[in-house]
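J.: Chains as they are written, first to last, in my numbering: chain A, 1 to 676; chain V, 677 to 1352.
Don't be surprised by glycine CBs; every beta carbon is placed ideally from N, CA and C.
Remember, it's a predicted structure, so these values are computed and weren't measured experimentally.
Provided herewith is a single structure, encoded as structure tokens, for subsequent inquiry.
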């Protein structure tokens, strides 16, 4: 027996099945049933959850129990399971059960078999195959179609490099619902763009003329930001790449006065608008990018106009990690080198045959490579050392060649601490290359080779808590102690997410995880405090869902700091046992309860007579137990071992209180108390 | 040409040379010269330094320069080299030069060759060969004589174990001078015994009758401690094992009223008293050990009566590390398991074919093994896990067997936090074994096998800063986070001592080391603060030379803490460029300048409403630059790069001041500020 969840009804579903599968069904004479469980669940008020509907269908068609008895027992089970969530939830599940029980349909393929097969569905690649580069068509497409074994070895790059920007060719169409922009309500704050884990929401601003060739119905609005007075704003969604998580809707600050549940962006079924969305998305990509200067990067609405150079990763719907990487790609992507530790980010970051890392129109984008859990920090350190060596070589060669003194002085002493400085240095390097190109001496040719190293490159060490707190900690600590200009970004899901949820030293006290089945008995390691103890490391702790502008400020400060920087970024995760569409709210709870602190430790402040530590969190105002109760990883211990859960929760509260008191005291130390 | 430093004069020296060497000299017709440089240097006031004397002899006999010119140039060089140390030092070196130049003698072996050869000198092992166990005679002795290659493989233990207490058979007789006790002056404080790096000074107390058979002239005094009223005290020196460092003399608090330079222990030439000292040492070993309870371990004079189970290691003369290990062996040696990281301590701790680790009369002693730099903490963690598992097995078996309820209750709930508790538990285990031995059931036999695991074993992770701060830090951090009952002892020489002085993250700012030839530019890593951030780790920082009773208190507290403990122990080292006999004074300077803090962080204090952190250092009262100037590792930068040295010294002073202010603030936090 086969039970399919399909929105297409029996006949159309049959037509859409691959011929090989239909053959199996025919050969084995399987009975096939169809239900549109997604619709049924949604109509019953269960949102995206289909488990109750599918359970109903199973008992309706399997004959495991007589139908009446099955129905009776399942309804009793629903009462048992959902009673503690309230009567409304019970009622919705009962409604979903009844509807599923009633609506499941036999797919009578025998009657359909002789009808002509529907036209073959386009493969994932079909829509863009014409535009795709030769390598995508020749190598990536067969791999996506699971025919990679048929490729000759000679088709693969011999040096291990892989073209960037290839995730865009894998149109997965996995979202039942996708966001739709309400141009009239939108305040153009950019928050939906910021939080989207898959970079499927993009804002653009351009002169009205740029929209002359827009498809009919292409949504726009007058730009609200005074910086773009007279220009036109649009917000577009890559509906075929969206995973339907709904984070964008959850963070939208605007409510429709006529219907408080309506926001300036709302989830709608994807299928009906797929074709139009594809056309609109394609046009929006053709619009020019807003120049990178002079954007005010501290205003999210402006900052989020920066082109992401990380798009459509294979991360979970609602992933809490990817928005941080996308942000880094927007801010620094055209001069990023990333050493990525093993973990989720190494999988969705380099998910052969595609990668979400991509390039801008100038061909600039992050250079990315993955290394092991245990040596990733050192791997990135090597990148830094190599770049610094190349820069030194270029500087030495500059002095050896007959070049204008002003140009040399500019190249040597350039302030590259912000975007404007980078742009100016790029112009100098271009001028240098033009001059040197005429010179055929070996020194000149060597300078040409190393000239790009005069532009400040941004080296980032990226990984999860399993890397930074545990397996790679020794190396991370060593690299942070080096004084070198590096940035470490820890995507802290507080658990080994990618390998199935093992406890790490970042796992909070009381959370259930693998190897911590009875709840973790020790407090979360304070990696930030350890790094601060060096005194010359920029250290910050952020939670995008709690304070987004704080996160952006930290990224900018960390990157501009001419030494080692460590960013601890709270990332909600499916391993937490939460509704992922509410991930940003969970981040707020973590901060409100004091379980996650927001702070910045900037050694540069000492030169101004200030305490380097700024505590950016308010005093905890939410009892920790309340925040914990909102996540299944904590809640499940309350159910299985209530006494132990209560003891651990109390101990965790004490640990949180102590930590808050400690940080408050450290941040309150008068700066002059720190000097003799 | 051969130039020998020998106290024996030409003829006797020739007689003492190995026949093989004499044969080489004869065959090659070498000219041989002899000087008693040690005596000449000492008489000139240079202490143990012989470099000037040997230089004089070289120029006197080599003919590289005419004698007059050589003398003239060398005297000028002495002025240049020692002028900044003052005229007295110059004068002493000139005197040593002149004496060496005049006293070097030709060894006319041609004239001596026909005289009968002197009787063969005893080998290192000879004095004790008769008492030595068969394994020592059969295996260790040939290896000490460098004939190990001649041993059959079958002679070696097949399981890799090696007998303890074997260093005592390697009588090296390397000290020109050894300490001699002045029983009339001595206040019996125990400090000389405590600091001796090679455990060659031992104090014993026994009833007067025990001394009836003492050799004539065996030095004793009436015991001064009221706890031993009416008993007799003696302090003996293993002159053949002493390295002559002089630390014992430097820490002696007593001065002779008649001659302030004389202490209650003084260095004297070893050779004249060797035979007597051997006899006295041998007798002192036969005296009974003082019972381990009820010693007051906080009084050094009593604590140092504990038998060391670590003796005669192959460490440098004046080593700053070994006194800590010896102390641990005294306090806990009969139930110690040691995981020893690679480094100096793994070399002198297991210097094949001997080991300094030994057993007491009951056959109990430390079990010791060496693992890698990168996994030593985990190695010891495995020991802990295995022991805990054996204890659990024993506890489960206890409940299964028909045993007296009182015995079981005692075994299960024993308080083993101090020596008395351990002794009581050992008695219970002995009683248990007697009872169970009668029982032939498999459970009883299994319990017999695991019964010893009911006595609390003390697991120690031992290593240097290269291990703890650098290569093994990831593992150490992981183990400290485990909550398990382990003790980590970091012998912090602030440099990779054993491999030749490479900088580690423990190397202080401004110190010159390999890989930090221009002085280390970053501050010393604050490993203790990192460990304190866990909140449930006992952390302490000690310097034996600065506060000896503090060190003992810390060892006792750490060991009794039923969780992870970390002791950071300042260890002076030849790599610091100091006179090793002044090592304990250097430790004082490190503490007085605030460069090394003394503190204890004891999580148990929270239960009493107290701040866990106690800062045991006084406020820094010595400018850091003064302390730095006393060590060559800092001083040499002042000579080679004075500007950079000054900048680093100023930065180091700021870092020390900041750290002091931070620790003072942390220790001053009211305990109730740490709870909500």
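(1) For residue 1176/V, is the classification buried or exposed, using 16 other Cβ atoms within 10 angstroms of its Cβ as the cut-off for buried?
(2) Following the continuous alpha helix (DSSP H) through residue 959/V, name the residue where it begins and the one where it ends.
(3) Using 10 angstroms around the beta-carbon of residue 611/A, count the other beta-carbons present and answer buried if the total reaches 16, otherwise exposed.
(4) Could one say the Cβ of residue 566/A lies closer than 8 Å to chain V's Cβ atoms, at least one of them?
(5) Run through the segment 1102-1174 of chain V for me and flag every whole alpha helix (DSSP H) of 4 or more residues, listed as ranges in chain order.
(6) Tell me, please, which residues DSSP counts as bridged to residue 539/A.
(7) Show which residues of chain A have a CB atom less than 7 Å away from the CB atom of residue 1206/V.
(8) Name the DSSP beta bridge partners of residue 935/V, please?
(9) Decide if residue 619/A is buried, meaning its Cβ has at least 16 other Cβ atoms within 10 Å, or exposed.
(10) Does chain V have any CB closer than 8 Å to the CB of residue 473/A?
(11) Is the separation between the beta-carbon of residue 459/A and that of residue 486/A shorter than 8 Å?
(12) Within 8 Å, do at least three Cβ pairs link the segment 468-480 of chain A to the segment 290-298 of chain A?
(13) For residue 703/V, go through chain A and note every residue whose CB falls closer than 8 Å to its CB, in chain order.
(14) Where DSSP assigns a beta bridge to residue 1353/V, which residues make up the other side?
(15) Taking only the alpha-carbon atoms, compute the straight-line gap between residue 1354/V and residue 726/V and give it to the nearest angstrom.
(16) Taking only three categories from DSSP, how would you classify residue 162/A?
(17) Say whether the segment 906-923 of chain V touches the segment 1033-1053 of chain V, bearing in mind that this needs 3 or more beta-carbon pairs closer than 8 Å, one atom from each stretch.
(18) Taking the straight line between their C-alpha atoms, what separation do you get for residue 443/A and residue 225/A?
(19) Helix, strand or coil: which one does DSSP assign to residue 125/A?
(20) Please name the residues in the segment 1172-1199 of chain V whose beta-carbon is closer than 9 Å to at least one beta-carbon of chain A, in chain order.
(21) I'd like to check one pair, residue 1151/V with residue 1225/V: are the Cβ atoms closer than 8 Å?
(22) Which word fits residue 505/A, buried or exposed, when buried means at least 16 other C-beta atoms lie within 10 angstroms of its C-beta?
(23) Note down the Cα distance separating residue 774/V from residue 732/V, rounded to an integer number of angstroms.
(24) To the nearest angstrom, report how far apart residue 1231/V and residue 380/A are at their CA atoms.
(25) Among the candidates 993/V, 1187/V, 985/V and 856/V, whose CA atom is the shortest distance from the CA of residue 920/V?
(26) Under 7 Å Cβ to Cβ from residue 1174/V, same chain only, skipping five residues before and after it: list those, please.
(27) Quick one: using the 10 Å Cβ neighbour count with 16 as the cut-off for buried, is residue 677/V buried or exposed?
(28) Who are the Cβ neighbours of residue 864/V in its own chain at under 6 Å, not counting the five residues just before and after it?
(29) Taking a cut of 9 Å between CB atoms, which residues from the segment 1157-1168 of chain V lie near chain A?
(30) So residue 1092/V and residue 1132/V are in contact, right, with Cβ under 8 Å, and what is the actual spacing, rounded?
(31) Counting only beta-carbon atoms, is residue 669/A nearer than 8 Å to chain V?
(32) For a test of your reading of the model: does the CB of residue 508/A fall under 7 Å from any non-hydrogen atom of the ligand GTP? Yes or no.
(33) Can you list, in chain order, the residues of the segment 893-907 of chain V whose Cβ is nearer than 8 Å to any Cβ on chain A?
(34) List, from N- to C-terminal side, the alpha helix (DSSP H) runs of 4 residues or more that fit wholly inside the segment 1252-1313 of chain V.
(35) DSSP has residue 202/A in a bridge; who is on the other side?
(36) Would you kindly report the start and end of the unbroken beta strand (DSSP E) that includes residue 1185/V?
T.: Once the coordinates are examined:
(1) exposed
(2) 950-962
(3) buried
(4) no
(5) 1118-1126 and 1149-1156
(6) 566/A and 601/A
(7) 530 and 533
(8) 932/V
(9) exposed
(10) yes
(11) yes
(12) no
(13) Here the premise fails: no neighbours, minimum Cβ distance about 55 Å.
(14) Since the first and last residues shown for chain V are 677 and 1352, residue 1353/V lies out of range.
(15) Since the first residue of chain V shown is 677 and the last is 1352, residue 1354/V is not available in this structure.
(16) coil
(17) no
(18) 49 Å
(19) Residue confidence for residue 125/A is low, a pLDDT of 47 falling below 50, so the modelled location carries little weight; the figure read from the coordinates is stated next. DSSP places residue 125/A in coil when its eight states are reduced to three.
(20) 1181, 1197, 1198 and 1199
(21) no
(22) buried
(23) 7 Å
(24) 40 Å
(25) 993/V
(26) 1019, 1020 and 1023
(27) exposed
(28) 900, 909 and 977
(29) 1157, 1158 and 1159
(30) 4 Å
(31) yes
(32) Of the ligands one can find in the structure shown there are none, so the ligand GTP has no counterpart to examine.
(33) none
(34) 1259-1268 and 1300-1305
(35) 236/A
(36) Note, residue 1185/V: premise wrong, no beta strand (DSSP E); not H, not E.
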